[in-house]
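**Student:**
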Amino acid sequence: MLNWVKTTASGLTVLPAAAMIDPTTPQSVALITHGHADHARSGHKHVIATPQTLDIMAARYGQNFAQTVTPLAYGERMALGEVKLSMAPAGHVLGSSQIIVDYSGQRLIAAGDYKRSSDPTCQPFEIVSCDVFITEATFALPVFRHPVPSDEIEKLLQIKHLFPDRTILVGAYALGKAQRIIALLRQAGYNQPIYIHGALRKLCDLYERHGIELGPLLPASAGQAGSAQLDLVGEIVIAPPAAYASKWAQRLTDPLFAFASGWMQVRQRAKQKGVELPLILSDHADWPDLLQTLKQISPKEVWITHGREDALLHACDKMGLKARALSLIGYEEASE
Ligand SMILES: [Zn+2]
Ligand SMILES: [Zn+2]
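Using this note's numbering, the first residue of the sequence shown is number 1419, and each one after it goes up by one.
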């Protein structure tokens, strides 16, 4: 039906705008849904994204990450080639957006990654009606039902209370998850300093600059490099997954490994990582939220990108929604 957006090896091309959405190879015009590295890559000439996403890209790739950047805030509209572009919040991470493309009386929305559960670090997903809705399918199986985030934070606080002689090390992805855990801890009334690995500092500062208050954050690097132990017993320490198995982690006193991810509901994954306290905290829609979102938007067609397309195709069919799988490659489900 809608024939002006097509799938290529590098992502989705919006033909009348001569632009690509979240391209996986360098392009002349890139429309970026959000700052995760598999969606926001470096090397594009002209990048159009929300101001927050542009900031995140600059923090990761340097100020000159593109020749031209065009900030497009939520709710603003701009013309690009023959199309009109606008952005709506996707609720995934700070600055994450659904890209809304209007052309010849038709509207397509590429939602990027999104979630519906509450997150104090970003604006909630907005329902916008459209002809074609492009949805992710990371957790598109009926078994995936994410618990309430505050319950997971409660588990973390209980463990800290039960093991005052251990260092509570929480693995979390540097963009989005780390800040969300910190903000959720603050919401739960935890006002003590939280210790963060050096790799998280830049993005935590960036969140604060955009008005997301994270409270007192101290560097988890006290003590001398080398043999000295890090004296963080009884504290909550947040670090990116890569730091988990590093020399840095070996300097912590009797660390208790926690890990925050939607994948933690798969026991096998938690076991593989040696996680003692899996925290099921996802920045993607779970199965009920995917179906609820499609029902609310009720587009003429659903296009499904990275994840588990089959179950969602089947569910769309049952709901009377026309759907097809795009089978895009290059987006890593595990990176969040
Ligand atoms: Zn993402
Ligand atoms: Zn993704």
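Beta carbons are placed, not taken as given, at the ideal position from N, Cα and C, and that holds for glycine. If you're wondering where the values come from, they're calculated on a predicted model, not measured in any experiment.
(1) Just the C-alpha distance for D1649 and P1611, rounded to the nearest angstrom, thanks.
(2) Less than 8 Å separating the beta-carbons of K1595 and L1695?
(3) Alpha carbon to alpha carbon, how far is P1441 from A1529? Give it in angstroms, no decimals.
(4) Between V1414 and I1450, is the Cβ-Cβ spacing less than 8 Å?
(5) In terms of DSSP beta bridges, what is L1650 paired with?
(6) Taking W1681 as part of the alpha helix (DSSP H), name the residues at either end of that continuous run.
(7) Leaving out the 5 sequence neighbours to the left and right, which residues in its chain are closer than 8 Å to L1674 when beta-carbon positions are compared?
(8) Opposite L1674 in the DSSP bridges: which residues?
(9) Are F1543 and G1509 closer than 8 Å when you measure CB to CB?
(10) Determine the burial state of K1424: buried for a count of at least 16 other Cβ atoms within 10 Å of its Cβ, exposed for fewer.
(11) Quick one: is the Cβ of H1462 within less than 7 Å of any heavy atom of ligand 2?
(12) So is the beta-carbon of H1452 under 7 Å away from any non-hydrogen atom of ligand 1?
(13) W1721 bridges to which residues according to DSSP?
(14) Can you find a heavy atom of ligand 1 that lies under 7 Å from the Cβ of D1531?
(15) Could you give the distance in angstroms between the alpha-carbon of E1494 and the alpha-carbon of I1518?
(16) Whole angstroms are fine: how far does the CA of K1736 sit from the CA of A1476?
(17) Under three-state DSSP, which class holds I1577?
(18) Taking all protein chains shown into account, decide if T1723 is buried (16 or more other Cβ within 10 angstroms of its Cβ) or exposed.
(19) Would you say H1457 touches ligand 1, meaning its beta carbon is less than 7 Å from a heavy atom?
(20) As a quick exercise: from K1718, H1579, A1667 and D1707, pick the residue whose alpha carbon is nearest that of L1559.
(21) Taking all protein chains shown into account, do 16 or more other C-beta atoms lie within 10 angstroms of the C-beta of S1645, making it buried, or fewer, making it exposed?
(22) Is Y1479 close to ligand 2? I mean its beta-carbon at under 7 Å from any heavy atom of the ligand.
(23) State the Cα-Cα distance for the pair H1452 and R1687, rounded to the nearest angstrom.
(24) Rounded to a whole number of angstroms, what is the C-alpha to C-alpha distance between P1434 and I1527?
(25) So, at 6 Å on beta carbons, what are the nonlocal neighbours of D1672 in its own chain, with the 5 sequence-adjacent residues on each side left out?
(26) Between the alpha carbons of Y1662 and G1499, how many angstroms are there, rounded?
(27) Output the boundary residues of the alpha helix (DSSP H) element that contains H1464.
**Tutor:** In this structure, then:
(1) In a straight line, the C-alpha of D1649 is about 14 Å away from that of P1611.
(2) no
(3) Answer to the nearest angstrom: the Cα atoms are 14 Å apart.
(4) The structure shown does not extend to residue 1414, since the chain is modelled only from 1419 through 1754, so no value can be given for it.
(5) Answer is none; L1650 lacks a bridge partner.
(6) Unbroken run through W1681: none, as it is neither H nor E.
(7) I1577, F1581, R1584, T1585, I1586, L1587, E1694 and L1695
(8) The partner list for L1674 (beta bridge, DSSP) reads I1586.
(9) yes
(10) The residue is exposed, with fewer than 16 neighbouring Cβ atoms inside 10 Å.
(11) no
(12) yes
(13) I1552 and R1742
(14) yes
(15) Between the C-alpha atoms of E1494 and I1518 there is a straight-line separation of about 11 Å.
(16) C-alpha separation (whole angstroms): 43 Å.
(17) helix
(18) buried
(19) Indeed, a heavy atom of ligand 1 lies less than 7 Å from the Cβ.
(20) D1707
(21) Unreliable placement is indicated for S1645, whose pLDDT of 47 sits below 50; the coordinate value is still reported in the next sentence. The residue in question, S1645, is exposed, as its Cβ has fewer than 16 Cβ neighbours within 10 Å.
(22) no
(23) Taking the straight line joining both Cα atoms gives about 26 Å.
(24) 15 Å
(25) R1584
(26) 46 Å
(27) Not the alpha helix (DSSP H): H1464 falls in the beta strand (DSSP E), residues H1464 to A1467.
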